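Colleague: Below is the structure I would like to discuss, written out as structure tokens.
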Amino acid sequence: MTKYILKRALMAVGTTLVIIIILFFLLQLMPGSPFNNERLTETQLQVLYEKYGLDKPVPVQIVIYIKNMLTGNFGVSYNIQQNYPVASLLSTRFPITIRIGVQAFVVGVVFGLILGIVAALHHNGALDTGTTVFSMLGSSIPSYVVALGLVYFLAYKAGLFPLTYSSEHPFLSSILPTLALSIAPMAMTARFTRNEMIEVMDSEYIQLAETKGMPRWRVVGIHGLKNAMVPLVTVMGPMLMGMMTGSTVAEQIFAIPGIGSLFITAIETNDYNVVITLAFIFSAMYIVTLLVIDILYGLIDPRIRLAGGD
Amino acid sequence: MKEINYGEPILEVKNLSISFRTSAGNLNAIRGVSFTLHKGETVAIVGESGSGKSITVKSVMGIESSNQKINDGEILYTFSEKGKKKTVDLLKFSKRDKIARFNGQRIAMIFQDPMTALNPLLSIGDQLTEGMIRHLKMSKKDAWKRGIELLDEVGIPNPTLCMENYPHQLSGGMRQRIVIAIALSCNPDILICDEPTTALDVTIQAKILDLIKTMQEKRGISVIFITHDLGVVAKVADYVCVMYAGKIVERGTAEEIYLKPRHPYTWGLLLALPTLDTTSDRLYAIPGTPPNLLKKIVGDAFAPRNRYALNIDYEEEPPEYQISESHMVRSWLENPQAPIVEIPEELQERIMVMLDKSSAEDIRESSVAS
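For the protein sequence lines, the chains are A and B, in the order given.
For the first sequence, the numbering used here begins at 127 and goes up steadily by one.
For the second sequence, the numbering used here begins at 372 and goes up steadily by one.
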């Protein structure tokens, strides 16, 4: 297992470096230079280049760039808040996006699992049909429609929740965005769990567990669910990341001061450093999530664990 | 010839009738099956794929699929509980009750394919001990110790290490030994073997059969043995039921079925066995395919494939003819009005060869004994 984890971790580090290098060259490819002022003289430009280390050879620049990115020195914002460090710009917004994303993910996965298992155990029954209809609707209705619906009925009409996000009631005001965001992963988890469980419950080792006289909860929970989890874990990584990166619309509707809205502003205003930093952070999060998933695979499936990461 | 010596009946299947709801309509898979399993003995159920062998025993264990419907019949199981003898109809219990009260502890099962019968994600030890922990109320440690003994008993080398292993690390033969150990772990009265050697290499098959037989003799278990291979049956069975299209067409002791078969279908199955003594260079196959059970069957289901079929075979179903106390045949050929049909010559020759061999063995055995 240790060998397996080390191997995965090493690959994750490698991928991160590759991504930083790609981002570096993307910056190089951007038209013009950071100093696009026509009034600057050659000498002045020279001074600026030296100040920012742009006169150094490219490989040296790459090393400096990697070092800066990994130590959280993302440079300063050009337009959103001039000369304000990007790291500080993100530090207030990031926790909100992550918290709401994780909340939505947990709610979606837990209820999705329950729905999926119940549907599989009542295969072809009314509950199964209901779940199928729900997962079709859940994956085809965009999250902003759900969000608007929730705002209209639960916040505006019923007045149960605040209309927008407020930092004074960080939990209460995050309930509606969480719900709106959780519908899609819930639908997806329910559909996957249902299909996997139906297949698993039909297998011979389930019959063997039944001939052994194992109680229902053990047959479903230990023998069934564990086997169904292997493919489920695969879809959970991208789903979790979707919660982080795809919350833009929900953030707009609920006026959440998160990453999504910042991302859009940064792109609109050509704030390179902010865009690049966000791209880097999202990639890094992706890599960490995939690493966690690889480790989960190993924990669940002895065939992967004992193969030693080959 | 061995004397017919019935033990106490332990499982009586009476007039069992099962159908499946399918999108194409009702499929009448089991159409009135009856047989009796006696204490300490082996009943083999033989038939082609789709004849309903597995469905019959799965309904004993309550692991039938959800679209199955039991239309009629009884499965009477006799056991002793707290020193008292009890007979219950297993079909009267809900699936959940049946699993909780009988499965594992009283009736256990061995599956056809050991590659898929073990849970790939749980260790051998976990799969072997969970039954004992639940039914025998053993501690995890005691169950683990008992598990090692069981693995040793079924012939697993290095059982202590094997307990920690996962199914994918073991060969098919080893896995089947483990499935047998799991089945025996809670000391059942009845062991159901659903084609336990079909998925194994020929060299392993004989070893697994020997193992099942040894375990049965050692523990006095009654065995229901399902197979499509009459060659396997000869090695294990006391009684044989030949099943065709959801009905038992011939039933008798192993000797009666092998040496005095009466049903043309049994003749076909016996002729289809490859032997070393055969003179012909082609292996016999029963012509045609089993009937479509979605349709109502008129007359004898085997008639279209039976070259001895009479006109009445297409009109009316043959009743049971009792040839001897143990031997039953469902064939119009047994009717006094039917023309006399002899066993096919080739089969007769084979039986003679078999008789010669077994009498030669008898002589050898008796000379050894004296």
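Glycine is no exception: its CB is placed at the ideal position from the N, C-alpha and C atoms.
Everything numeric in this text was worked out from a predicted model, so none of it was measured.
State yes or no: is the beta carbon of B:G475 nearer than 8 Å to at least one beta carbon in chain A?
Modeller: Counting from one through the second sequence, the residue named residue 475 of chain B turns up at place 104. By this cut-off, B:G475 is an interface position.
Colleague: Roughly how many whole angstroms lie between the Cα atoms of A:I426 and B:P491?
Modeller: Numbered from its first residue, the first sequence carries residue 426 of chain A at position 300. Numbered from its first residue, the second sequence carries residue 491 of chain B at position 120. Rounded to the nearest angstrom, the gap between the Cα atoms of A:I426 and B:P491 is 10 Å.
Colleague: So, for A:T142: in the same chain, excluding its five sequence neighbours on each side, which residues have a beta-carbon less than 7 Å away from its beta-carbon?
Modeller: Here residue 142 of chain A is taken as the residue at index 16 of the first sequence, counted from 1. For A:T142, where only same-chain residues beyond five positions count, the Cβ hits under 7 Å are A410 and I413.
Colleague: Give me the Cα-Cα distance between B:C564 and B:V603, rounded to the nearest whole angstrom.
Modeller: Position 193 of the second sequence, counting from 1, holds the residue named residue 564 of chain B. Position 232 of the second sequence, counting from 1, holds the residue named residue 603 of chain B. Their Cα atoms are separated by approximately 12 Å.
Colleague: For a cutoff of 8 Å on Cβ pairs, would you count A:P428 as touching chain B?
Modeller: As a position in the first sequence, residue 428 of chain A is number 302, starting the count at 1. A:P428 counts as touching chain B.
Colleague: Let me make sure I understand the geometry here. Which of A:F200, A:F220 and A:L351 has the alpha-carbon closest to that of A:P211?
Modeller: As a position in the first sequence, residue 211 of chain A is number 85, starting the count at 1. Residue A:F200 holds the alpha-carbon nearest to the alpha-carbon of A:P211 among A:F200, A:F220 and A:L351.
Colleague: Enumerated in chain order, which unbroken segments of the alpha helix (DSSP H) with a length of 4 residues or greater are wholly contained in the region 222-282 of chain A?
Modeller: 252-266 and 269-276
Colleague: Chain A partners of B:H539, CB-CB under 9 Å?
Modeller: Position 168 of the second sequence, counted from the start, is the residue given in the question as residue 539 of chain B. Here the neighbours are P428, R429 and L432.
Colleague: If contact is defined by three or more beta carbon pairs under 8 Å, each pair taking one atom from either stretch, is the region 361-373 of chain A in contact with the region 220-232 of chain A?
Modeller: yes
Colleague: How far does the beta strand (DSSP E) with A:G285 in it extend, from its first residue to its last?
Modeller: What you label residue 285 of chain A is simply residue 159 of the first sequence in a count that begins at 1. No beta strand (DSSP E) contains A:G285, which DSSP labels as neither H nor E.
Colleague: Roughly how many whole angstroms lie between the Cα atoms of A:K129 and A:M362?
Modeller: Translated into positions along the first sequence, residue 129 of chain A becomes position 3. Translated into positions along the first sequence, residue 362 of chain A becomes position 236. Cα-Cα distance, rounded: 24 Å.
Colleague: For B:K373 and B:E627, what's the separation of their Cα atoms in angstroms?
Modeller: As a first step, residue 373 of chain B must be located in the second sequence, where it is residue number 2. As a first step, residue 627 of chain B must be located in the second sequence, where it is residue number 256. Any reading at B:K373 must be qualified, since the residue scores a pLDDT of 45, below 50, and its modelled position is unreliable; no value is offered.
Colleague: So that I know if they touch, is there some Cβ in chain E lying closer than 8 Å to that of A:M127?
Modeller: Among the chains of the structure shown, chain E does not appear; the protein chains present are A and B.
Colleague: Using a beta-carbon distance below 8 Å, is A:T319 in contact with chain B?
Modeller: For this step, residue 319 of chain A is matched to residue 193 along the first sequence. Not closer than 8 Å to any Cβ of chain B, the Cβ of A:T319 fails to qualify, so no.
Colleague: If you measure from the beta carbon of B:G602 to each beta carbon in chain A, is any gap under 8 Å?
Modeller: For the purposes of this step, residue 602 of chain B is taken as the residue at position 231 of the second sequence. No, B:G602 does not count as interfacial toward chain A.
Colleague: Could you compute how far the alpha carbon of A:G435 sits from the alpha carbon of B:N536?
Modeller: Locating residue 435 of chain A in the first sequence gives position 309, where the first residue counts as 1. Locating residue 536 of chain B in the second sequence gives position 165, where the first residue counts as 1. Caution is warranted here: a pLDDT of 46 is assigned to A:G435, below 50, making its placement in the model unreliable, and the coordinate value is therefore given only provisionally. Spanning the alpha carbons of A:G435 and B:N536 requires a straight line of approximately 18 Å.
Colleague: From A:M137 to A:T415, what does the alpha carbon distance come to, in whole angstroms?
Modeller: The residue you call residue 137 of chain A lines up with position 11 of the first sequence. The residue you call residue 415 of chain A lines up with position 289 of the first sequence. Distance between the alpha carbons of A:M137 and A:T415: 13 Å.
Colleague: Please classify A:T298: does DSSP put it in a helix, a strand, or coil?
Modeller: Numbered from its first residue, the first sequence carries residue 298 of chain A at position 172. With the sequence shown as reference, residue 298 of chain A is identified as Leu, and Thr is not the correct amino acid for it. Looking at A:L298 - three-state DSSP - the assignment turns out to be helix.
Colleague: Identify each residue in the region 476-490 of chain B for which the Cβ-Cβ distance to at least one residue of chain A is less than 7 Å, and report them in chain order.
Modeller: Q476, A479, M480, F482, D484, T487, A488, L489 and N490
Colleague: Is the Cβ-Cβ distance between A:E330 and B:D484 less than 8 Å?
Modeller: The residue you call residue 330 of chain A lines up with position 204 of the first sequence. The residue you call residue 484 of chain B lines up with position 113 of the second sequence. Cβ atoms of A:E330 and B:D484: closer than 8 Å.
Colleague: What residues from chain A crowd round B:G371, counting only those whose CB sits closer than 8 Å?
Modeller: A query on residue 371 of chain B cannot be resolved here, the shown segment of chain B reaching from 372 to 741 and no further.
Colleague: Name, going along the chain, the residues of the region 693-717 of chain B whose beta-carbon falls closer than 9 Å to a beta-carbon of chain A.
Modeller: none
Colleague: How would you label B:N682, buried or exposed, when you count the other beta carbons within 10 angstroms and need 16 or more for buried?
Modeller: Within the second sequence, numbered from 1, the residue matching residue 682 of chain B stands at position 311. With fewer than 16 other Cβ atoms within 10 Å, it is exposed.
Colleague: Could you name the residues of chain B that A:Y130 contacts, counting a contact when the two beta carbons are closer than 7 Å?
Modeller: Position 4 of the first sequence holds residue 130 of chain A. Chain B residues near A:Y130: none, gap ~15 Å exceeds 7 Å.
Colleague: For B:K373, name the three-state secondary structure that DSSP assigns.
Modeller: Here the question's residue 373 of chain B lines up with position 2 in the second sequence. Its pLDDT being 45, under 50, B:K373 is placed unreliably in this model, and the value from its coordinates should be taken loosely. The answer is coil: DSSP assigns B:K373 none of H, G, I, E or B.
Colleague: B:V384 bridges to which residues according to DSSP?
Modeller: Along the second sequence, read from residue 1 onward, the residue named residue 384 of chain B stands at position 13. Answer is B:F406 and B:I446.
Colleague: Could you work out which residue in A:T360, A:A313, A:E394 and A:R165 is closest to A:A245 when comparing CA atoms only?
Modeller: On the first sequence, position 119 is the one that residue 245 of chain A refers to. Looking at the Cα atoms, A:A313 is the closest of the given residues.
Colleague: Does the region 376-388 of chain B come close enough to the region 165-174 of chain A to have 3 or more Cβ pairs within less than 8 Å?
Modeller: no
Colleague: Using a Cβ-Cβ cut-off of 7 Å (strictly less than) and excluding sequence neighbours within five positions of A:G350, which residues of its own chain qualify?
Modeller: In the first sequence, the residue the question calls residue 350 of chain A occupies position 224. M323, V326, M327 and I332.
Colleague: With distance defined between alpha-carbon atoms, name the residue in A:P383, A:P364, A:R431 and A:P288 nearest to A:F408.
Modeller: Looking up residue 408 of chain A in the first sequence gives position 282. Nearest of A:P383, A:P364, A:R431 and A:P288 to A:F408, Cα basis: A:P364.
Colleague: Give the C-beta separation of A:G347 and B:G502 to the nearest angstrom, bearing in mind that I take them to be a contact with Cβ-Cβ under 8 Å.
Modeller: In the first sequence, counting from the first residue as 1, residue 347 of chain A sits at position 221. In the second sequence, counting from the first residue as 1, residue 502 of chain B sits at position 131. Actually they are not in contact, since the Cβ atoms of A:G347 and B:G502 sit about 17 Å apart, beyond 8 Å.
Colleague: Determine the contact status of B:V428 and B:I595, defining contact as a CB-CB distance below 8 Å.
Modeller: Translated into the one-based positions of the second sequence, residue 428 of chain B becomes position 57. Translated into the one-based positions of the second sequence, residue 595 of chain B becomes position 224. For B:V428 and B:I595, yes; Cβs fall inside 8 Å.
Colleague: Is A:L438 close to chain B? Criterion is C-beta to C-beta, closer than 8 Å.
Modeller: For chain A, the structure presents residues 127 to 436; residue 438 of chain A sits outside this window and is missing.
Colleague: Go through its chain and collect everything with a Cβ distance to A:V400's Cβ below 6 Å, but skip five positions before and after it.
Modeller: Along the first sequence, one-based indexing puts residue 400 of chain A at 274. So the qualifying residues of the chain are S203, V212 and A392.
Colleague: Starting from the C-beta of B:L489, find all residues in its chain whose C-beta is less than 8 Å away, skip the five residues before and the five after it, and write them out in chain order.
Modeller: Along the second sequence, one-based indexing puts residue 489 of chain B at 118. For B:L489, where only same-chain residues beyond five positions count, the Cβ hits under 8 Å are I495, Q498, P538, R546, I549 and V550.
Colleague: Distance, Cα to Cα, B:G591 vs B:A656?
Modeller: On the second sequence, residue 591 of chain B is found 220 positions in, with the first residue counted as 1. On the second sequence, residue 656 of chain B is found 285 positions in, with the first residue counted as 1. Their backbone Cα atoms lie some 37 Å apart in a straight line.
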